[in-house]
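All remarks here apply to the structure that follows.
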Ligand SMILES: *Cc1c(COP(=O)(O)O)cnc(C)c1O
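Numbering (this note's numbering), first residue to last: 603 to 956.
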C-alpha cells in the first residue's frame, strides 16, 4: 500500500560525513518535506554529523526540529511582525533560536516582543532579490538593535553566476561595518550556494568573519545512488485496445495490462514543480517525440521492464493507473516498481533505512 523511500543507510551516511568533512562549519538545512526524508529524521542526522547549527525555513518548523536537535537553529525566513501567529512564543524565542532580520522597520517591532539577548543575523540583499536589507540600510538596522544580540550576517545567493564575487562584496561591507551590538569573536557569515573551493577562498579572504555554508540539496540529496523509490502493485487487469476505463472512461490506447500502483497526487505523483527547462523549443520536442504524449497521455514516473510507462489517466489521490503493453513481463500484485520522483515534492508513506 506504500510509496516507499529506500535508503542505503551506510552509503548515505558515508556521503553525509564526506560533505560535512569537506565543508567546515556546515549548517545543514532542514525544511519543507525534509528533502523527502522528513524534518525530524534530518534533525537527528544533523546531530549525529556533529553540526553545531542547523537552519530551518520557517518558524513552524521549529516544532519538529528544536526537540530533536541540541544545537542552535537559524530560521531563514526573515522575522516579520506577523510571524508570531505561527508558533508559541516559548519556542519562537527559545535561546537556541537565531532570527533573520531583513528590513529596517522590523527591528523595533522585534525588540518590543523578543526577550533581551535574542539572537539575530542581518540578511543582506543579493542579486536573488528575495529578502535582505540594502547595503545602505545596514547601519540603520544595527543602530536600532538595542539589546538584541547581533551574531552576524546572512546571504542568500543565486545558483548561477559568480557568487563568490557577490558574497565577497557583501563580506567586505560586513567586515568594515563595525556595527554596534555585534557579538564578540568572529561574526558569522551564513551563506548559501557556494562551492567548496569558493567557500575556502571566501574564508581566506575574510578572516574576520566565520563563514558558515547552509547546505540542503547537496548534503541530503547529493548521492542519488544512496536511495531509490518504489510503489507497490495493488491490482492488475487485462485490457483491450479501445476499452474504456477509469474515472474519465477514456479508451485504453493499446492491448496490455492495466496496473494500479500505489502513489498518487497526495504523494505528489504527477505534480511536478515548474521547471525552468520548459522552453518552447523543448516543449515542441517532447510533443514531436510524443507518440501517446501527442494523443494527450502523460508519461508516468513508474518504471516497468526498464521503461517509464504511460498513465492511463491522471493519477488518483493515492494510486495511479498505468499501462503495460502486451509483450512486456508484468509484475505481480504486491511487487514493487521503481518510481522516479522529485524528492522535495514527494510525501512518502515510509522511509526504509537499512
Ligand atoms: C533552501 C535554502 C537553502 C538551501 O538550499 P539547497 O539548494 O537545498 O542547498 C539555503 N538558504 C536559504 C535561504 C534557503 O531558503
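Glycine included, each C-beta is placed from N, C-alpha and C at the ideal position.
Start and end residues, beta strand (DSSP E) containing residue i
i: residue 904; result: 901-906
i: residue 655; result: 655-658
i: residue 912; result: 909-913
i: residue 776; result: Taken as a continuous stretch (DSSP letters only), residue 776 belongs to no beta strand (DSSP E), being part of the alpha helix (DSSP H) at 765-779.
i: residue 938; result: 938-941
Integer Cβ distance of residue i from residue j, believed to fall under 8 Å
i: residue 642; j: residue 673; result: Not confirmed; about 15 Å, so no contact.
i: residue 616; j: residue 630; result: Not confirmed; about 16 Å, so no contact.
i: residue 954; j: residue 607; result: 7 Å
i: residue 795; j: residue 740; result: With a Cβ gap of about 22 Å, residue 795 and residue 740 do not count as contacting.
Buried versus exposed call for residue i [16 or more other C-beta atoms within 10 Å across all chains shown]
i: residue 613; result: exposed
i: residue 909; result: exposed
i: residue 814; result: buried
i: residue 755; result: buried
i: residue 721; result: buried
Reference residue i; option with closest CA among the options
i: residue 866; options: 951, 932, 799, 847; result: 951
i: residue 791; options: 921, 664, 770; result: 770
i: residue 623; options: 633, 650, 645; result: 650
i: residue 694; options: 705, 941, 715, 840; result: 715
i: residue 829; options: 604, 639, 811, 625; result: 639
i: residue 947; options: 823, 912, 808, 775; result: 823
i: residue 895; options: 916, 634, 820; result: 916
Residue i - partner residues in DSSP beta bridges
i: residue 858; result: 841, 927
i: residue 682; result: Answer is none; residue 682 lacks a bridge partner.
i: residue 608; result: 830, 954
i: residue 632; result: 658
i: residue 813; result: 791
Residue i, enclosing alpha helix (DSSP H) - first and last residue
i: residue 613; result: 611-624
i: residue 723; result: Taken as a continuous stretch (DSSP letters only), residue 723 belongs to no alpha helix (DSSP H), being part of the beta strand (DSSP E) at 721-726.
i: residue 700; result: Element bounds for residue 700: not the alpha helix (DSSP H) but the beta strand (DSSP E), 699-703.
i: residue 649; result: 641-650
i: residue 677; result: Here residue 677 belongs to no alpha helix (DSSP H); instead the beta strand (DSSP E) covers 674-677.
i: residue 801; result: 798-807
i: residue 713; result: 706-715
Residue-chain proximity (residue i, chain C), Cβ-Cβ < 7 Å
i: residue 749; result: Here chain C cannot be found, since the structure has a single protein chain.
Ligand 3 heavy atom lying under 6 Å from the CB of residue i
i: residue 647; result: Ligands displayed in this structure: ligand 1; ligand 3 is not among them.
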